[in-house]
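Structure first, commentary second.
There are 2 protein chains.
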Amino acid sequence: MDITKFAIPEIIFGRGSLNYAGQCALRLGAKKVFLVSDAGIEQAGWLQRLMDILEKEGIEWVYYHGVTSNPRDFQVEQGAEMYLKNGADVIIAIGGGSPMDTAKGIAILASNGGRIRDYEGANKVQRPLPPMVLITTTAGSGSDISQFCIITDMARKVKMSIITRTLVPNIAIVDPLILRTKSETLIIQSAIDALAHATEAYLSVIASPFTEMHSLKAIELIHKNLKRAVETKSLDSLEQLSIAAVSASMAFSNAGLGAEHALAHSLGGHFDLRHGVIHPILLTAVMRFNLDSRVAKMADIGRIILNGTKGSDRETALAGIDKLQEFFASFDVSLRFRDEIGEEGRQYLEPICKMAINDACNLTNPRLANWEELLKICEEVW
Amino acid sequence: MDITKFAIPEIIFGRGSLNYAGQCALRLGAKKVFLVSDAGIEQAGWLQRLMDILEKEGIEWVYYHGVTSNPRDFQVEQGAEMYLKNGADVIIAIGGGSPMDTAKGIAILASNGGRIRDYEGANKVQRPLPPMVLITTTAGSGSDISQFCIITDMARKVKMSIITRTLVPNIAIVDPLILRTKSETLIIQSAIDALAHATEAYLSVIASPFTEMHSLKAIELIHKNLKRAVETKSLDSLEQLSIAAVSASMAFSNAGLGAEHALAHSLGGHFDLRHGVIHPILLTAVMRFNLDSRVAKMADIGRIILNGTKGSDRETALAGIDKLQEFFASFDVSLRFRDEIGEEGRQYLEPICKMAINDACNLTNPRLANWEELLKICEEVW
Chain A
1 MDITKFAIPE IIFGRGSLNY AGQCALRLGA KKVFLVSDAG IEQAGWLQRL
51 MDILEKEGIE WVYYHGVTSN PRDFQVEQGA EMYLKNGADV IIAIGGGSPM
101 DTAKGIAILA SNGGRIRDYE GANKVQRPLP PMVLITTTAG SGSDISQFCI
151 ITDMARKVKM SIITRTLVPN IAIVDPLILR TKSETLIIQS AIDALAHATE
201 AYLSVIASPF TEMHSLKAIE LIHKNLKRAV ETKSLDSLEQ LSIAAVSASM
251 AFSNAGLGAE HALAHSLGGH FDLRHGVIHP ILLTAVMRFN LDSRVAKMAD
301 IGRIILNGTK GSDRETALAG IDKLQEFFAS FDVSLRFRDE IGEEGRQYLE
351 PICKMAINDA CNLTNPRLAN WEELLKICEE VW
Chain B
1001 MDITKFAIPE IIFGRGSLNY AGQCALRLGA KKVFLVSDAG IEQAGWLQRL
1051 MDILEKEGIE WVYYHGVTSN PRDFQVEQGA EMYLKNGADV IIAIGGGSPM
1101 DTAKGIAILA SNGGRIRDYE GANKVQRPLP PMVLITTTAG SGSDISQFCI
1151 ITDMARKVKM SIITRTLVPN IAIVDPLILR TKSETLIIQS AIDALAHATE
1201 AYLSVIASPF TEMHSLKAIE LIHKNLKRAV ETKSLDSLEQ LSIAAVSASM
1251 AFSNAGLGAE HALAHSLGGH FDLRHGVIHP ILLTAVMRFN LDSRVAKMAD
1301 IGRIILNGTK GSDRETALAG IDKLQEFFAS FDVSLRFRDE IGEEGRQYLE
1351 PICKMAINDA CNLTNPRLAN WEELLKICEE VW
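Read top to bottom, the protein sequences are chains A and B. When we follow this note's numbering, the leftmost residue of the first sequence carries the number 1, and every step to the right adds one. When we follow this note's numbering, the leftmost residue of the second sequence carries the number 1001, and every step to the right adds one.
Quick look at the structure:
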């Protein structure tokens, strides 16, 4: 086995764990916290709740709210300026992947200077970041656990992957109570995002025994609980999805992802699409493309999805992929690109695929993919 | 599910990972490293190797070698004095549980002052510790991963459990190449120690989904690989034991242990016995004591040990415990206390059990145990 690294934040998990946010900030030496969130979280009341918790501990804060879905380079740059001007010392984000990735981008620029595009790729961040506490409000992005940060470069219309160990926050707070205010659509998209993380990480060329067990656990939990979570919003099922998202993130943060995420970054940057929208369309197609490179491992996934075997490893793997596609189809999601980007979008697939092969995620895909092969995959699911 | 916390160090795992020690020290800001090790590691050449790696990076070091098996309070106090006198700034330990726990004790006293007994129990350490890199040379103690530190109080003749999140080192380096210089006895004792960690953590009252999967993985890997590792010393099997020890430690560090470890601390402190010697005698007896409180979970363990089921959960659990005892018996270890401490030691069992009920590990045992019950267990395996 090659040398492998495994890094995760300290995790505080459970119903009501949001209440620990103030103590966490104090432990990290906070005098003035830089808060990052978005309109949805504000409206759901969670931001105010967090502000109250900080105030109770006597901690000052300043709030940056310029976050959108699929955060952009200029937002991160504005945020860093505000962080420095206000003399903040600890960053706390509460939200889904967008506020958390914005917070990470702000942390990079506040301590390392320059423009966010300077840090695209792996291990480009040299100086230590300000302490961070990330509070996830979805069970999906995994940004609260991971060393990944995805920011859209508006000039090139691409989601940049910034990957470095220092992006692992000091503390991740995962409170399943927060999921109760989420819409059905967001629960589905987030869970499918986590499922894609777990799957691609399991098949990655740098997967390790430490990441593999988390991948399989996540796949199992999402497959078992998503239907029930959507139908009942029961706290038990939402909690299981949260455990799955944390596990999936421990896996992909340390094992990397694959060609499906490379494509999702380029597609998402161009069309402003969420990962959770792209994965049901692309994931099984990319799995089929990768099958011959990872038959035994895809059979492991198949056995979980099928709850049993179906002939040889290859047959089990293929049946698993089919069943996974049926699983996606059982939710209200698109399974074809044309339904998301329309006929006028089709012309952009070629430049998008040419961009995707340079995404850091493509490096850990089990089968080397050139842009023509990626385009073929996209055409298959047109 | 209650609120649960999960904290582990950054882990660098794999053949040759020792070579990263210098870079790790630099990343933590080292100018003068405080090295902790013991005679066995010196003789095997690993200490010199580490010194060479540090020198190559231009890092000064000072070496503290006053470590014995089952480290003692006065050793830790001497070490802290030496750390402060020499103006060291990062602690690196290379060795088994003894040097690593000594290093942790030194870290506590160097930054928090006082005597080491002041910190016995859970969460008594207030101030941050110096940065630590722990390099394990056994696949067992898990001190490289855990928030535990076990130091013998010489006056009371007891192994004190010191448990606090800040004892999780910054970086753990796990290099299976180092295991090749270990004796057969040490490989067996270490693996059985890890197996006991995994088992007690799985049954603990504060086990969580994050710790449970690591427990089961560790039990499976040790059961599958220990025989082969002892017989062949193949690098593959030693590597599997290393993965198991890391997994077991992720579990117990966050889930705690149980009555078996509480007893092992009191017994080990009194008779200067290693954990690996005590567990084959006590573990299955304590499991039988706990059975009614954790039937389903013991059946999970049984299914791994039996590689299948045997009737009801209770029957599977019991058959698993029997099989585990056979597994221990298949190695050259004592299965009765009288073989280790002799008839003259028997009189001390009562005061030892009275001490054990106050050990922090007893608090997470699934069935509340009083000293009379612990004594009964010890008598059963006399």
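Beta carbons are placed, not taken as given, at the ideal position from N, Cα and C, and that holds for glycine. It should be emphasised that the depicted structure is a prediction, and the values quoted were computed from it without experimental measurement.
Inter-residue distance for B/His1223 and A/Leu349 is about 51 Å (C-alpha atoms, whole angstroms).
A check of alpha carbon separations from A/Leu335 across A/Pro351, A/His279 and A/Leu129 identifies A/His279 as the nearest. For A/Lys233, the closest Cβ of chain B is not nearer than 9 Å. Counting only Cβ-Cβ distances below 8 Å, B/Ala1007 has contacts in chain A at Glu10 and Ile11, in chain order.
Under the three-pair Cβ rule at 8 Å, the stretch 1130-1149 of chain B counts as touching the stretch 1253-1263 of chain B. Put simply, the stretch 1194-1203 of chain B does not touch the stretch 1162-1180 of chain B. Fewer than three CB pairs are less than 8 Å apart. For B/Val1381, the secondary structure class from DSSP, reduced to helix, strand or coil, is coil.
Using a C-beta cut-off of 8 Å, the stretch 261-269 of chain A makes contact with the stretch 353-362 of chain A, since at least three inter-stretch Cβ pairs fall below that distance. Sixteen is the threshold: since fewer than 16 other Cβ atoms of the shown chains lie within 10 Å of the Cβ of A/Pro128, the residue is exposed. Per DSSP, the continuous alpha helix (DSSP H) segment holding B/Met1287 begins and ends at His1275 to Asn1290. Taking the Cα positions, B/Leu1226 is about 55 Å away from A/Asp339.
At least one beta carbon of chain B lies nearer than 9 Å to the beta carbon of A/Met1. In this chain, the alpha helix (DSSP H) harbouring B/Asp1073 covers Asp1073 to Lys1085. Chain order gives the chain B residues near A/Met213 as Met1213 and Lys1217, where near means a beta carbon separation below 7 Å. Not flagged as an interface residue toward chain B: A/Glu77, since no C-beta distance is shorter than 9 Å.
A/Ile116 is positioned such that its CB atom lies closer than 9 Å to that of A/Glu77. Here DSSP, grouped into helix, strand and coil, assigns A/Thr138 to coil. Interface annotation, B/Arg1015: in contact with chain A, CB-CB separation under 9 Å. Identification of chain B residues near A/Glu239 by a Cβ-Cβ cut-off of 8 Å yields Met1001, ordered along the chain. For A/Phe331, the CB contacts under 6 Å within the same chain, skipping 5 residues up- and downstream, are Ile188 in chain order. Excluding its 5 nearest sequence neighbours in each direction, B/Ile1094 has C-beta neighbours in its own chain below 7 Å: Ser1037, Ile1041, Trp1046, Leu1047, Leu1050, Ile1135 and Thr1137, listed in chain order. When rounded, the separation of the alpha-carbon atoms in B/Met1298 and B/Leu1368 is 17 Å. Runs of the alpha helix (DSSP H) spanning 4 or more residues and lying entirely within the stretch 27-71 of chain A occur at 39-44 and 46-56, in chain order. Rounded to whole angstroms, the Cβ separation of A/Tyr20 and A/Ile150 is 27 Å, and the two are not in contact under 8 Å. If you check the CB distance, B/Phe1034 and B/Gly1079 come in under 9 Å.
The criterion of a C-beta distance shorter than 9 Å is satisfied by A/Glu120 and A/Asp153.
Between the alpha carbons of B/Lys1005 and B/Ala1296 lies a gap of roughly 24 Å.
For A/Ala7, the CB contacts under 8 Å within the same chain, skipping 5 residues up- and downstream, are Gln147, Arg165, Val168, Ser253 and Asn254 in chain order. Under the Cβ criterion (8 Å, minimum of three pairs), the stretch 92-110 of chain A counts as touching the stretch 66-76 of chain A. In chain order, Pro209 make up the part of chain A whose C-beta sits under 7 Å from the C-beta of B/Ile1243. Spatial neighbours of A/Lys124 in its own chain (CB-CB distance under 8 Å, excluding positions within 5 residues in sequence) are listed in chain order as Asp118, Ile162 and Thr164. With respect to A/Glu57, A/Gly22 sits close: the two C-beta atoms are nearer than 9 Å. Judged by DSSP secondary structure, B/Thr1152 falls outside any alpha helix (DSSP H) and instead within the beta strand (DSSP E) spanning Phe1148 to Asp1153.
Between the alpha carbons of A/Met132 and A/Asn112 lies a gap of roughly 15 Å. By the neighbour-count criterion, in which 16 or more other beta carbons inside 10 Å mark a residue as buried, B/Ser1234 falls on the exposed side.
For B/Phe1327, the enclosing alpha helix (DSSP H) starts and ends at Asp1313 to Ala1329.
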